[in-house]
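Residues in the sequence shown are numbered consecutively from 30, following my numbering.
Just so you know, even glycine gets a beta-carbon here, dropped at the ideal spot from N, CA and C.
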Amino acid sequence: MKIITQINFILVRLIEFVTTKEIYELAEHVFQIHSGIEHLGLIDLEGHVVLDKSSKATVANDPDRDRILFYYQVSSRRNRREHFDEVYGKTTYIHIMREKMQQLMVYIPMFTVYLTLDHAVNQDEVTIIAQSLHNTDSEIINRAAKSLFYK
């Protein structure tokens, strides 16, 4: 597991140099969905951190090793859940309520969107946020994904 963390840490450093305006456009789209979104982690299908950004920050965060490992595990859980899609149906979103925060993971094509939400966001609003992410214009998502490969 330590080797995976080190590899992901190196890949995050590389991705920093290729974070594109299209990725930032996708991030801005996400933050515009609801004012209760506090933090965004954008993770590719292989578990690499594409963007880690607070809603109040003007620039992306430099994730530490623990956050990189956490995002990798979020991606791994997506892969495991997809294993059961045929039997149980696709996962729409995962909402976790903690004492101090809420977490929301939404699977969109090419990315896993990890959000932290203000504790005041209610369950109906969480559902609307998840549905809005699923209804994101595919062109915005495609441009963001392609920008990682074709710079």
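Buried or exposed: where does residue i fall if 16 or more other Cβ atoms within 10 Å of its Cβ makes it buried?
{"i": "MET126", "result": "exposed"}
{"i": "TYR117", "result": "exposed"}
{"i": "GLU45", "result": "Because GLU45 sits at a pLDDT of 48, beneath the cut-off of 50, its placement in the model cannot be relied upon, and the following sentence gives the value as read from the coordinates. GLU45 is exposed by the Cβ-count criterion."}
{"i": "ALA86", "result": "exposed"}
{"i": "ASP91", "result": "exposed"}
Checking 9 Å against the spacing of the C-beta atoms, do residue i and residue j come in under that value?
{"i": "GLN102", "j": "GLY76", "result": "yes"}
{"i": "ARG96", "j": "ASP73", "result": "no"}
{"i": "VAL150", "j": "THR141", "result": "no"}
Can you give me the start and stop residues for the beta strand (DSSP E) that residue i sits inside?
{"i": "HIS63", "result": "Taken as a continuous stretch (DSSP letters only), HIS63 belongs to no beta strand (DSSP E), as it is neither H nor E."}
{"i": "THR121", "result": "That residue, THR121, is in no beta strand (DSSP E); it is neither H nor E in DSSP."}
Alpha carbon to alpha carbon, how far is residue j from residue i? Give it in angstroms, no decimals.
{"i": "ARG110", "j": "THR121", "result": "11 Å"}
{"i": "ILE62", "j": "ILE158", "result": "7 Å"}
{"i": "TYR143", "j": "GLU115", "result": "24 Å"}
{"i": "GLU67", "j": "PHE60", "result": "8 Å"}
Just grab the DSSP bridge partners of residue i for me.
{"i": "SER83", "result": "HIS68"}
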